[in-house]
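FYI, in the working numbering the residues of the sequence shown are 515 to 685. Ideal Cβ placement from N, Cα and C applies to all residues, glycine included. All values derive from a computational prediction rather than experimental measurement.
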Amino acid sequence: MSPASSEGSELLEVGYIGKANGLAGGVVVTLVTDRVQERTAPGARLFAETEWLEVSSARPHKDRWVITFAGLTSREDIEPLRGRVLTAEPIDDPDELFVHALIGCSVHDVDGNDHGEVVSVVANPASDLLELASGKLVPLAFYVSHDQSTIVVDVPAGLLDDEAVVVDRND
C-alpha cells in the first residue's frame, strides 16, 4: 500500500528497482512512466515502499536506467532495495490524462448522454480503451474533455448504442 503524498493524493507507480550496477551505489531501474525526464532528474523524489529516495544522477542503460540515490554510495547500501516498486507523486499537468484520474468517472457523449462508469483502462496499441461497467470499450482516441467526475467523448454513431446492431451481409 502506498502512502498518501504531502498533498493528500495517492502515489503513482513509476518503476521498480533491479540489480546493483557497479560498486558506487548505482542501481538498474526499469521505468514504467512516460514522464522519464521528471522522474530521473537530480532531486526527484521516489518512494521505494518504505522510504523516500532522492535521485542524485541517472543515465540511460539499454532499455532501463542506472540511477544513484543520495546517501546510497555503495553496493551494500543499494542491494536491500532490489525488487522494490518505485512510486511518486502525480505531476500536476492539466493537459495530461492519467489512468488513476479516469477510473470512476462517468462517460458522456457530446450530446450529454451518460454511458456509465469507467472501471478500467485497457492498454491497446491503436488507442487505450476505457472499459465501462457495462463491458463496453471506448477508444481514448474519441476523448474530447474531462473534469473530476466526467469524461466527454465524441464517438461514431452506434458505438455506444445500448442494443447491438446486427448487419446481415447476405442481403
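Stretch-stretch touch, CB-based, cutoff 8 Å, three pairs: the segment 579 to 593 with the segment 619 to 635: no
Beta-carbon proximity check, V546 vs N535, cutoff 9 Å: For the purposes of this step, residue 546 is identified with residue 32 of the sequence shown, where counting begins at 1. For the purposes of this step, residue 535 is identified with residue 21 of the sequence shown, where counting begins at 1. No.
Bounding residues of the alpha helix (DSSP H) (the contiguous stretch that carries L611): Position 97 of the sequence shown holds residue 611. Taken as a continuous stretch (DSSP letters only), L611 belongs to no alpha helix (DSSP H), as it is neither H nor E.
Rounded straight-line distance, which links the Cα of H575 to that of F583: The residue labelled residue 583 in the question sits at position 69 within the sequence shown. The residue labelled residue 575 in the question sits at position 61 within the sequence shown. Cα-Cα distance, rounded: 16 Å.
Nearest neighbour of G539, chosen from R578, I531, E552 and I592 [CA to CA]: The residue labelled residue 539 in the question sits at position 25 within the sequence shown. The shortest Cα separation from G539 among R578, I531, E552 and I592 belongs to I592.
Classification of R596 by the beta-carbon crowding that lies within 10 angstroms, buried from 16 upward: Your numbering for residue 596 matches position 82 in the sequence shown. Under this definition R596 is an exposed residue.
For T554, three-class secondary structure by DSSP: The sequence position of residue 554 within the sequence shown is 40, counting from 1. The answer is helix: DSSP assigns T554 an H, G or I state.
For G672, the nearest candidate out of H660, L651, S659 and D661 (CA to CA): For this step, residue 672 is matched to residue 158 along the sequence shown. Selected option, being the one with the closest Cα: L651.
Residue closest to P594, alpha-carbon to alpha-carbon, out of Q662, V666, K533 and D668: The count along the sequence shown starts at 1 and reaches residue 594 at position 80. Here the closest residue by C-alpha is K533.
Counted within 10 angstroms of its Cβ, other Cβ atoms place G522 as buried (16 or more) or exposed: Counted from its first residue, the sequence shown places residue 522 at position 8. Any answer about G522 is weak, because its pLDDT of 41 lies below 50 and its placement is not dependable; what the coordinates show is given next. Burial call: exposed.
R596 in three-state terms, based on DSSP: Counting from one through the sequence shown, the residue named residue 596 turns up at place 82. It is coil, neither helix nor strand.
Cβ pair L525, T601 closer than 9 Å: Within the sequence shown, the letter at position 11 stands for residue 525. Within the sequence shown, the letter at position 87 stands for residue 601. Going by C-beta atoms, L525 is nearer than 9 Å to T601.
Residues bridged to A534 [DSSP beta-bridge criterion]: Here residue 534 is taken as the residue at index 20 of the sequence shown, counted from 1. Note: A534 sits in a beta bridge opposite V541.
Under the three-state DSSP convention, the category L525 falls into: By 1-based counting over the sequence shown, the position of residue 525 is 11. In the structure shown, L525 sits in coil (DSSP, three-state: anything other than H, G, I, E or B).
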